[in-house]
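Residue numbers (the UniProt record's numbering), protein chains in the order written: chain A, 1 to 225; chain B, 1 to 225.
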């Protein structure tokens with residue numbers, strides 16, 4: 001039981017989800033957690049700011065240690081609970097190289113996804129340009145093709161090598177968000193297969209965004225990508 | 001000697017510089033390296049694409065393992081050469097928490113810097129807005145204040161805990177770029193002190209951007225930030 005841990009989180013936020021999957025994989029159930037609302041701006045509340053000067057979710061605390069950046073929390077949990085639960089960093093040099101590489105490419109993947117689905121959220125109305133959104137869509141399409149190719153080469157259910165790793169912990173929430181926003185599994189069959197194989201993994205199922213469960217129908221923002 | 005390693009890099013690129021500092025700290029001198037020109041678009045050459053499908057620098061290869069993302073390469077080198085050279089990930093939980101946290105906040109720091117100094121590079125002319133650049137500058141100013149505060153709390157020469165770590169490897173190139181682009185050390189004294197203390201560290205001196213050495217005068221883009 002992880003009663004000396006606290007996670008403040010938002011539903012459907014890939015960075016929050018990463019940390020929740022890592023906690024499940026390391027058998028750290030039972031942590032204190034509080035679901036906050038981005039819409040109500042609760043990520044800027046004093047409760048968050050006390051842990052996280054940036055006023056962002058996730059905000060994560062283990063004892064006196066604050067580790068809010070999602071990748072930081074994943075590395076920290078794997079390092080502090082190395083022999084507990086799933087081993088999330090493989091031993092071999094080749095497997096490690098691939099895992100680190102995919103994990104950090106995952107940040108670009110996430111950024112390119114956000115630049116399309118949250119374009120109107122990030123860019124004030126008077127600064128929006130069809131040409132910019134078009135370019136962002138093209139960049140996402142090229143990015144998706146890269147990941148299709150990566151999955152073509154390896155195992156269908158793991159992004160890096162023969163087993164589930166931090167690459168999956170960090171990138172799966174991005175893939176799930178793609179499909180939530182209407183990506184076509186026919187057009188991107190390897191990503192579709194990866195999504196289908198991992199969505200029932202216990203750690204992922206246990207941390208599935210509650211508002212996706214309540215309302216299983218997503219958006220169709222990405223249907224033409 | 002690291003003759004089974006190859007680094008393709010560009011002068012003054014913080015991601016390239018991170019990998020070069022890590023290589024120096026791990027006593028991995030003597031690797032094959034080739035300085036390429038971004039201006040001549042050499043990062044899109046076949047030589048790069050053979051290692052890095054994204055056509056980006058750094059492109060790094062160790063034996064058959066490609067690890068191109070700079071953070072990935074830093075983690076990989078520390079993991080593969082743990083007992084060689086400087087130990088770049090501390091042992092204690094509190095030190096690790098802080099190191100991971102600062103390291104990943106460093107990505108946001110770098111992004112906010114780029115959004116100001118490379119605004120006209122990233123944004124096509126017909127899509128530029130004074131309001132956007134102003135907002136980017138305000139975001140960078142707030143970010144700089146955060147790092148001033150962080151340095152106020154800890155050691156002047158290390159971002160995380162009592163010793164030099166991956167946090168410094170990854171964030172120092174951003175700090176150096178700030179001053180290269182004219183940031184005022186009077187207005188940001190802790191960052192100025194950190195920069196002054198680290199710039200002569202052997203790993204950093206050995207990997208100093210050659211075009212900065214040739215032309216020691218930088219720009220003044222950030223003088224009013």
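Each residue gets a CB set at the ideal place from its N, CA and C atoms; glycine is no exception.
In this text the structure is predicted, and so the values were computed from the model without any measurement.
Per DSSP, cross-strand counterpart(s) of residue i
i             : result
residue 36(B) : 10(B)
residue 65(A) : 62(A)
residue 5(B)  : 62(B)
Chain A contact for residue i (CB, 7 Å cutoff)
i              : result
residue 71(B)  : yes
residue 65(B)  : yes
residue 93(B)  : yes
residue 127(B) : yes
residue 75(B)  : yes
residue 101(B) : yes
residue 132(B) : yes
residue 104(B) : yes
Proximity test, residue i beta-carbon vs the ligand GDP heavy atom, cut-off 6 Å
i              : result
residue 210(A) : Among the components modelled here there is no ligand, and therefore nothing to report on the ligand GDP.
is_contact[residue i, chain B] using C-beta, thresh 7 Å
i              : result
residue 31(A)  : no
residue 43(A)  : no
residue 79(A)  : yes
residue 206(A) : no
residue 97(A)  : yes
Element boundaries [beta strand (DSSP E), containing residue i]
i             : result
residue 59(A) : 59-62
Chain D contact residues for residue i, given Cβ-Cβ distances below 7 Å
i             : result
residue 53(B) : Within the model displayed, chain D is absent; protein chains A and B are what it includes.
For residue i, the first and last residue of its enclosing alpha helix (DSSP H)
i              : result
residue 190(B) : 189-198
residue 51(A)  : Where residue 51(A) is concerned, there is no enclosing alpha helix (DSSP H), given that its DSSP letter is neither H nor E.
residue 113(B) : 93-117
residue 149(B) : 130-153
residue 203(B) : 202-206
residue 79(A)  : 70-80
residue 168(B) : 166-180
residue 186(B) : Element bounds for residue 186(B): n/a, residue is neither H nor E.
residue 209(B) : From DSSP, residue 209(B) is part of no alpha helix (DSSP H); its letter is neither H nor E.
Rounded distance between the beta-carbons of residue j and residue i, thought under 8 Å
i              : j              : result
residue 147(B) : residue 113(B) : Going by Cβ atoms, the distance from residue 147(B) to residue 113(B) rounds to 11 Å, so no, they are not a contact pair.
residue 198(A) : residue 165(A) : Residue 198(A) to residue 165(A), Cβ: 12 Å. No contact.
residue 102(B) : residue 150(B) : 7 Å
residue 106(A) : residue 167(A) : 7 Å
residue 30(A)  : residue 2(A)   : 5 Å
residue 44(A)  : residue 85(A)  : With a Cβ gap of about 33 Å, residue 44(A) and residue 85(A) do not count as contacting.
residue 88(B)  : residue 8(B)   : 23 Å between Cβ atoms; not a contact.
residue 221(A) : residue 117(A) : 5 Å
residue 136(B) : residue 110(B) : That belief does not hold up - the Cβ atoms of residue 136(B) and residue 110(B) are roughly 13 Å apart, past 8 Å.
residue 69(B)  : residue 172(A) : Incorrect: roughly 18 Å between the Cβ atoms, too far for contact.
**Prompt:** Does the region 97-112 of chain A come close enough to the region 61-78 of chain B that 3 or more CB-CB pairs lie under 8 Å?
**Reply:** yes
**Prompt:** With contact counted as at least three CB pairs below 8 Å, one residue from each stretch, are the region 178-195 of chain B and the region 212-224 of chain A in contact?
**Reply:** no
**Message:** Under 8 Å: do the region 200-207 of chain A and the region 9-21 of chain B share three or more Cβ pairs, one atom per stretch?
**Reply:** At 8 Å Cβ cutoff, the stretches do not touch.
**Request:** Count the C-beta pairs between the region 63-79 of chain B and the region 136-147 of chain B that are closer than 8 Å, then say yes if the count reaches three, no if not.
**Result:** no
**Asked** Any chance the region 3-14 of chain A sits against the region 161-180 of chain A, with 3 or more Cβ pairs inside 8 Å?
**Response** yes
**Prompt:** Touch check for the region 123-132 of chain B and the region 124-134 of chain A: three-plus C-beta pairs under 8 Å?
**Reply:** yes
**Item:** At least 3 beta-carbon pairs within less than 8 Å: the region 39-58 of chain B vs the region 69-83 of chain A
**Value:** no
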